[in-house]
Ligand SMILES: NC(=O)c1ccc[n+]([C@@H]2O[C@H](COP(=O)([O-])OP(=O)(O)OC[C@H]3O[C@@H](n4cnc5c(N)ncnc54)[C@H](OP(=O)(O)O)[C@@H]3O)[C@@H](O)[C@H]2O)c1
């Protein structure tokens, strides 16, 4: 498994990470198998949030990890804060107390990375700064980042906080390519030129922030892989996959990893066989021509 540096930090992380949003649906034994399978494939990074399974996903992870041979210090744990029931909350009080509860549920003294989950329009960045300083100086959080944030929202935070923001976790995959479409169609009258993401891809590369694509195999109506509604892209992924000895599922992840922005893709599957299969994507490097070919097969145009 290829490792990358996360943003400007010194964390060497696997370019494929495991998202634990759905871990609360497993019993402890199955969760242990999922974690061990991922680790054996070279996945050393596990993504959480305070709200996943209403906290149960973090708890299940703690119990499951105990039944494996893996030490806490051999892996990276990331969690998120800021989403509450029907609103967002970046107050100092909420950030600090949410992290303390995550630490307890995960059974760890520290988070490697904490992300602000979704932008809070009522954010008072001075409060975020105070919360980050408190958590960082107490050794409870090592690194910080954001999720679903635009470049200017990040700039606002950066004006106040002392720590680097090393990641931006964003929805991205073959059927959710807005951040790429806007750059390809720039200065045309095409609908795709609409920049919903505010040049977040270029901003991330310019500022050495690692994009962490979430829901990588999802279209708006569910998983697109092997779904007849998305036949053309599945066929193209399979055809090009044949050349590399992998299937269309592996190719969908290899397509993301081929982008030179060096993203860290967050898989959401809780099926050990799928984790093993997807991990092969790290060994596949498709050509530039193949990358665009797959992009077009997903229904996109190149002007
Ligand atoms: N920052 C954010 O706002 C945000 C939002 C959403 C998610 N996330 C993070 O991103 C992670 C990944 O998100 P996600 O779970 O939506 O990602 P995903 O990998 O696109 O989807 C995983 C889901 O799709 C199913 N699946 C995967 N491969 C499949 C295949 N080949 N055929 C049929 N079904 C397949 C899985 O089922 P099985 O488990 O049965 O294999 C699972 O239910 C989450 O765990 C979470 O950590 C972040």
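Numbering (the UniProt record's numbering), first residue to last: 1 to 303. Glycine included, each C-beta is placed from N, C-alpha and C at the ideal position. Remember, predicted model here, so these are calculated numbers, not experimental data.
- Ligand 1 has a heavy atom closer than 8 Å to the beta-carbon of residue 270.
- Membership of residue 3 in the beta strand (DSSP E) is indicated by the continuous run 3–5.
- Residue pairing from DSSP leaves residue 269 without any beta-bridge partner.
- Remark: the shortest separation between the CB of residue 29 and any heavy atom of ligand 1 does not fall under 8 Å.
- If one requires a minimum length of 4 residues, the alpha helix (DSSP H) runs lying completely within the region 199–246 are 200–206 and 231–244, in chain order.
- A distance criterion of 8 Å places the beta-carbon of residue 174 beyond contact range of ligand 1, judged by its closest non-hydrogen atom.
- As summarised for the region 101–185, the continuous beta strand (DSSP E) elements at least 3 residues long and confined to that stretch are 111–116, 141–147 and 165–171, given in chain order.
- The alpha-carbon of residue 146 is positioned some 12 Å away from that of residue 213.
- The beta-carbon separation of residue 241 and residue 250, rounded to 6 Å, stays under the 8 Å limit for a contact.
- About 5 Å separates the beta carbons of residue 106 and residue 58, which is inside the 8 Å limit, making them a contact pair.
- With contacts defined by Cβ atoms closer than 9 Å, residue 265 and residue 253 form a contacting pair.
- Residue state for residue 13 is assigned as strand, using DSSP reduced to three classes.
- Residue 199 holds the alpha-carbon nearest to the alpha-carbon of residue 152 among 169, 199, 51 and 68.
- A distance of 9 Å or more separates the beta carbons of residue 272 and residue 113.
- Taking 8 Å as the upper bound for CB-CB distance, residue 300 and residue 177 are in contact here, some 6 Å apart.
- At least one heavy atom of ligand 1 sits closer than 8 Å to the Cβ of residue 49.
- Exposed is the label assigned to residue 93, since fewer than 16 other Cβ atoms lie within 10 Å of its Cβ.
- For residue 246, the closest alpha carbon among the candidates 27, 167, 100 and 279 is that of 279.
- As a beta-bridge residue in DSSP terms, residue 79 pairs with 114.
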